[in-house]
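I have placed the structure first, in the form of structure tokens, so that the comments after it can refer back to it.
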Amino acid sequence: MKSTTRRLTATMAAAALTLSIAACSRPSSSGGSETTTAAATTTAAGSSGGSATSASGSDTGPATASSGGDTGEELSVGFFGFAKANSFAQATWAGVQEAAAANNATATFLDSNFDGPTQVNQLQDAVTSKLYDVVVIQANDGTAIVPAVKQALAAGITVVVEFTPIGGRYDTIEPQVDGVISIVDAPTINGEGLAEMALGACEQLAVQPCNVAYLQGFDNYPLDAARTKAAEDAIKAGGAELVASVIGGYTADSGRTAFQNVLQAHPDVNVVVGSSQAITGAAALAPDRDDLLFVGNGGSTQAFEGVMSGKWYGTYNIPEKTEGYRATEMGLAAHRGETVPTATDARSLTTYEALGTKENLTGQTADYSD
142 MKSTTRRLTA TMAAAALTLS IAACSRPSSS GGSETTTAAA TTTAAGSSGG SATSASGSDT
202 GPATASSGGD TGEELSVGFF GFAKANSFAQ ATWAGVQEAA AANNATATFL DSNFDGPTQV
262 NQLQDAVTSK LYDVVVIQAN DGTAIVPAVK QALAAGITVV VEFTPIGGRY DTIEPQVDGV
322 ISIVDAPTIN GEGLAEMALG ACEQLAVQPC NVAYLQGFDN YPLDAARTKA AEDAIKAGGA
382 ELVASVIGGY TADSGRTAFQ NVLQAHPDVN VVVGSSQAIT GAAALAPDRD DLLFVGNGGS
442 TQAFEGVMSG KWYGTYNIPE KTEGYRATEM GLAAHRGETV PTATDARSLT TYEALGTKEN
502 LTGQTADYSD
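At position 295 of the sequence shown (counting the first as 1) the number is 436 in the numbering used here, and the numbers step up by one without a gap.
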């Protein structure tokens with residue numbers, strides 16, 4: 142069932158040194174094998190000084206910084222995350238902090254609380270104040286923040302685009318602003334992956350028709366709109382019935398409320414897709430139905446437990462703490478004049494293209510808890 146457009150041919154430098162990432166903050170206290178491997182790969186890419194190939198399989202050319210600073214100089218990192226209250230962003234932040242500590246840097250979390258204009262203003266202020274040498278941006282609005290990113294680059298700040306693309310396209314991992322470093326999960330590919338697992342759940346249930354409900358995150362998020370359309374189109378193309386598409390949000394409470402409404406209108410629903418937080422709330426409403434499976438979007442402890450219990454068919458897992466670590470490490474290396482990849486597909490941080498089915502997650506450890 143795997144779409145050939147989702148195949149990943151990752152070419153990475155061999156690791157010269159293996160780093161062990163100890164968990165902190167909200168993430169799990171023990172790191173899985175993929176965390177250690179990804180950290181080692183990042184170190185090799187950041188310290189080899191050679192040319193690098195993007196994880197998408199095409200050589201996008203090296204990203205280097207012109208600061209020429211001494212590698213012994215302490216640098217400062219600004220992390221522009223989705224929101225401090227968000228467990229996913231907290232997982233990224235844990236990785237950012239660890240990478241900063243390991244690479245002679247300090248780190249600060251700038252909380253925009255999921256608001257695009259606030260985040261733009263924060264970045265503009267950071268350019269004016271010159272507080273940060275490197276910024277890692279988890280964009281709330283990847284289009285609106287482009288001018289501020291260009292201002293940061295012009296001011297000599299190294300910019301790392303993390304998780305969410307910055308620019309007008311949500312179907313590519315390639316940098317859309319010249320000079321940035323990109324390590325992202327393209328929302329349309331994410332949506333296709335969710336649909337692939339939803340169709341896998343339909344096959345497992347062996348029901349006809351297979352009724353699928355999609356719980357979108359936010360209705361005003363460009364990345365959510367792109368992901369939702371990709372997921373819904375692929376679900377329909379795969380032969381399932383999309384019986385409901387509603388706002389499910391990113392909390393257990395919002396997911397529970399959304400699924401209550403779905404159940405009232407479509408009690409015969411078979412598969413429910415949504416954020417891992419929303420699905421955690423939704424799944425609690427139907428603990429005993431053996432004709433209902435869930436698909437989550439996120440790699441939390443709760444999502445892993447849901448998959449391993451058999452109630453969830455799968456969850457789309459990007460090891461987010463690892464991604465935060467790698468984004469920060471690459472940004473610091475580039476600012477110090479080293480060569481790093483300009484484009485990395487976040488799915489390459491797993492060995493299973495982020496499709497966290499029970500088979501693929503066996504023996505793995507979640508990066509964070511919701």
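By construction, the Cβ of each residue, glycine as well, lies at the ideal position given by its N, Cα and C atoms.
Because the structure is a prediction, the values reported are computed rather than measured.
Member of the options whose CA lies at the smallest distance from the CA of residue i
| i | options | result |
| --- | --- | --- |
| residue 489 | 481, 508 and 459 | 459 |
| residue 358 | 397, 449 and 502 | 397 |
| residue 267 | 405, 402 and 221 | 221 |
| residue 368 | 385, 310 and 279 | 310 |
| residue 403 | 392, 225, 394 and 387 | 387 |
| residue 351 | 433, 426 and 498 | 433 |
| residue 486 | 297, 258, 316 and 242 | 316 |
| residue 492 | 451, 437 and 457 | 457 |
| residue 441 | 249, 354, 240 and 233 | 233 |
| residue 454 | 338, 228 and 313 | 338 |
| residue 415 | 424, 499 and 407 | 424 |
| residue 390 | 437, 405, 429 and 427 | 437 |
| residue 472 | 383, 322 and 406 | 322 |
| residue 394 | 248, 435, 426 and 500 | 426 |
| residue 238 | 466, 378, 392 and 498 | 466 |
| residue 318 | 327, 287 and 304 | 287 |
| residue 254 | 227, 271, 262 and 277 | 227 |
| residue 345 | 435, 243, 501 and 250 | 435 |
Beta-carbon spacing of residue i, residue j below 8 Å
| i | j | result |
| --- | --- | --- |
| residue 375 | residue 336 | yes |
| residue 343 | residue 381 | yes |
| residue 219 | residue 273 | yes |
| residue 325 | residue 302 | yes |
| residue 281 | residue 256 | yes |
| residue 293 | residue 340 | no |
| residue 230 | residue 279 | yes |
| residue 236 | residue 464 | yes |
| residue 332 | residue 372 | yes |
| residue 484 | residue 334 | no |
| residue 410 | residue 354 | yes |
| residue 123 | residue 216 | With the chain represented from 142 up to 511, any question about residue 123 goes unanswered, as that position is not in the structure. |
| residue 506 | residue 240 | no |
| residue 413 | residue 420 | yes |
| residue 508 | residue 446 | no |
| residue 511 | residue 418 | yes |
| residue 312 | residue 329 | yes |
| residue 407 | residue 385 | yes |
Paired residues, beta bridge with residue i - DSSP
| i | result |
| --- | --- |
| residue 222 | 252 |
| residue 217 | 247 |
| residue 323 | 302 and 484 |
| residue 269 | Answer is none; residue 269 lacks a bridge partner. |
| residue 453 | 435 |
| residue 356 | 387 |
| residue 412 | 353 and 434 |
| residue 441 | 509 |
Residue i classed as buried or exposed, judged by whether at least 16 other C-beta atoms fall within 10 angstroms
| i | result |
| --- | --- |
| residue 213 | exposed |
| residue 306 | buried |
| residue 444 | buried |
| residue 245 | exposed |
| residue 431 | exposed |
| residue 225 | exposed |
| residue 154 | Its pLDDT being 32, under 50, residue 154 is placed unreliably in this model, and the coordinates cannot settle the point. |
| residue 206 | Caution is warranted here: a pLDDT of 41 is assigned to residue 206, below 50, making its placement in the model unreliable, and no coordinate value can be reported. |
| residue 504 | exposed |
| residue 449 | exposed |
| residue 363 | buried |
| residue 480 | buried |
| residue 258 | exposed |
| residue 308 | buried |
| residue 429 | exposed |
Residue i, DSSP secondary structure in three states
| i | result |
| --- | --- |
| residue 294 | helix |
| residue 390 | coil |
| residue 286 | coil |
| residue 420 | helix |
| residue 184 | Confidence at residue 184 is low in this model, with a pLDDT of 29, below 50, so its placement is unreliable and no value can be given for it. |
| residue 505 | coil |
| residue 278 | strand |
| residue 309 | coil |
| residue 498 | strand |
| residue 347 | coil |
| residue 493 | coil |
| residue 262 | helix |
| residue 473 | helix |
| residue 333 | helix |
| residue 209 | Note that residue 209 has pLDDT 40, beneath the 50 cutoff, so the model's placement of it is unreliable and no number is given. |
| residue 382 | strand |
| residue 137 | Because residue 137 is not part of the residues shown, which for the chain are 142 to 511, the question remains open. |
| residue 426 | coil |
| residue 479 | coil |
| residue 316 | coil |
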